[in-house]
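Residues in the sequence shown are numbered from 1175 upward in steps of one, following the numbering used here.
Don't be surprised by glycine CBs; every beta carbon is placed ideally from N, CA and C.
Working notes, structure below.
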Amino acid sequence: MGYRETAAVKARALQEKEKIRILALETSCDETAAAVIENGRKILSNIVFSQIDLHELYGGVVPEIASRAHMEACDRVVDEALKAAGIALSEIDALAVTYGPGLVGALLTGVSCMKGLAYATKKPLVPVNHIEGHVSANFLSYPELEPPFLCLVVSGGHSHLVEVADYGVYRLLGQTTDDAAGEAFDKAARVLGLPYPGGPRIDVLAEEGNPHFLTLPKPKIEGRYDYSFSGVKTAFLNAVHQMEQRGEELPRTDLAASFRYAVCDQLTEKAEQLLLDRKEDRSFPQLAMAMAGGVSANRELRRQMAAMCKKLGVPLYMPRLDLCTDNGAMIGSAAYYQLRNGHIAELDLNAVPALRLV
Ligand code: KG4
Ligand code: ZN
């Protein structure tokens, strides 16, 4: 039997197996990350090798450098994940890899690495959508959480409100019409002279500042659950430039706090709108809200979402901080449910840089 048949037979046999261990690799951007996950919920190991110091000098991720760094780190990170989990490669039931969305060269290094491993071991390979991975970080932080739930997905490339109808079944309810929240945070940080990645640094500075120092505009958007951050970003950049032209020293903590507040306020307001509509509808008796993606680590966003959900009496799920940003564990969790649904890759699996969740 060739790889395809052997992997399919093994994947079918796994449907009956009680304990399934998946070795997952994530290389979509600037983190080379591998993890071993049991039954989609339990982290046996989670190794993240960050390339931040390689890209910091350039103020953002340089795709060529990212791909080369992944190439060098893949094998080591995979080995470390197995070692930390205390299990041998032969004990792994299936492999998983992020195949999109992300930087094409970065994705390809991970896809190629895992295809090679799949071919050599004849183990099934599960292709994982990076955004689905972010959503699945919630399953790792809350072992009791089951779909359906709503999810605010906020990362460097996405600002979505989605409905997680079932494992692997998503409905897109709202999205940004221009910049993603993380992208806006990174641009605002750059204007304040903060190094890459700016989001977490703005978050730290903002804790000391006055969120009402600057009043930034609220966008008028047609879509009931859609977002827009370009107006907030432009207003912020203009305000900073005017201060610089007047020779004023930038009150960086107040500026960071004002920007963070405006972005989080918009994110929370649309999520609240969605919950209020669903409450009124009455065909959704059990409402629950989750958060996912790098920006869900933001302290102000966590506070605003927690207060809003508490007010509405809706349970809120927020991934553990280290599971909000890119990691391999979330890919291993998503892969478990994909495997359960019978989704496995063949050896012609390719990277899909613009892969959508829905
Ligand atoms: O999900 P992620 O790690 O990668 C993508 O899939 O894009 O998200 C990275 C984004 C970056 O824009 C980063 O600045 C932002 O998440 N981010 C934050 C925080 N931590 C990460 N933004 C605001 N506050 C944070 N604490
Ligand atoms: Zn991500």
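Remark: the C-beta of residue 1517 is outside contact range of the ligand KG4, defined as less than 7 angstroms to any heavy atom.
Shortest Cα-Cα distance from residue 1505 to any of 1244, 1200, 1181 and 1182 involves 1200.
Any heavy atom of the ligand ZN counts here; residues with a Cβ closer than 5 angstroms to one of them, in chain order, are 1329 and 1500. Rounded to the nearest whole angstrom, the C-alpha separation of residue 1268 and residue 1187 is 11 angstroms. As a beta-bridge residue in DSSP terms, residue 1216 pairs with 1212. Take the alpha-carbon of residue 1315 and the one of residue 1271: they are about 21 angstroms apart. Assigned with DSSP and collapsed to three states, residue 1340 falls in strand. Contact between the stretch 1225-1242 and the stretch 1487-1495 is absent, with fewer than three C-beta pairs closer than 8 angstroms. In the three-state scheme derived from DSSP, where H, G and I count as helix and E and B as strand, residue 1524 is classed as coil.
Per the coordinates, the alpha-carbon of residue 1345 lies some 14 angstroms from the alpha-carbon of residue 1333. Residue range 1177-1188 is occupied by the alpha helix (DSSP H) that includes residue 1188. Counting the other CB atoms within 10 Å of its CB gives residue 1343 a total below 16, which places it among the exposed residues. Distance between residue 1193 and residue 1394, taken at the CA atoms: about 50 angstroms. Counted as a single uninterrupted DSSP element, the beta strand (DSSP E) harbouring residue 1273 occupies residues 1268-1274.
Boundaries of the beta strand (DSSP E) around residue 1323: 1323-1328. Distance from the C-beta of residue 1374 to the nearest heavy atom of the ligand KG4 is below 7 angstroms. When distances are taken from the beta-carbon of residue 1469 to the heavy atoms of the ligand KG4, the shortest one is below 7 angstroms.
Contact between residue 1330 and residue 1356 holds: their C-beta atoms lie close to 4 angstroms from each other, under 8 angstroms.
Within the same chain, Cβ atoms closer than 7 angstroms to the Cβ of residue 1213 are found at 1193, 1194 and 1510, the five residues on either side in sequence being excluded. Here residue 1363 is near residue 1373, since their CB atoms are less than 8 angstroms apart.
When the alpha-carbon of residue 1462 is set against those of 1451, 1455, 1488 and 1438, the nearest one is in 1488. Short note on residue 1342: C-beta not closer than 7 angstroms to any heavy atom of the ligand KG4. Using a 10 angstroms sphere on the CB of residue 1432, the tally of other CB atoms reaches 16 or more, which defines it as buried.
Shown here for residue 1292: same chain residues with a beta carbon closer than 6 angstroms to its own, the five before and five after excluded, namely 1269 and 1299 in chain order.
Closest in alpha carbon position to residue 1318, among 1400, 1276, 1406 and 1216, is 1216. Per DSSP, the unbroken alpha helix (DSSP H) holding residue 1365 starts and ends at 1355-1365. Under the three-state reduction of DSSP output, residue 1293 falls in the helix class.
Shown here, residue 1462 sits in coil according to DSSP, grouped into three states, outside any helix or strand.
When DSSP assignments are scanned along the stretch 1417-1498, the uninterrupted stretches of alpha helix (DSSP H) that are 4 or more residues long and fall wholly within it turn out to be 1426-1455, 1473-1486 and 1495-1498. Cβ neighbours of residue 1197 within its own chain (closer than 6 angstroms, five residues either side excluded): 1210, 1266 and 1269. Of the heavy atoms belonging to the ligand KG4, at least one sits nearer than 7 angstroms to the Cβ of residue 1356. The Cβ-Cβ distance between residue 1208 and residue 1502 falls below 8 angstroms. Residue 1225 holds the alpha-carbon nearest to the alpha-carbon of residue 1246 among 1262, 1225 and 1297. DSSP assignment within the stretch 1365-1424 yields the following whole alpha helix (DSSP H) runs of 4 residues or more, N-terminal first: 1372-1380 and 1404-1419.
For residue 1483, the CB stays at least 7 angstroms from every heavy atom of the ligand KG4. Fewer than three Cβ pairs drawn from the stretch 1510-1521 and the stretch 1477-1488 lie within less than 8 angstroms of each other, which leaves the two stretches out of contact.
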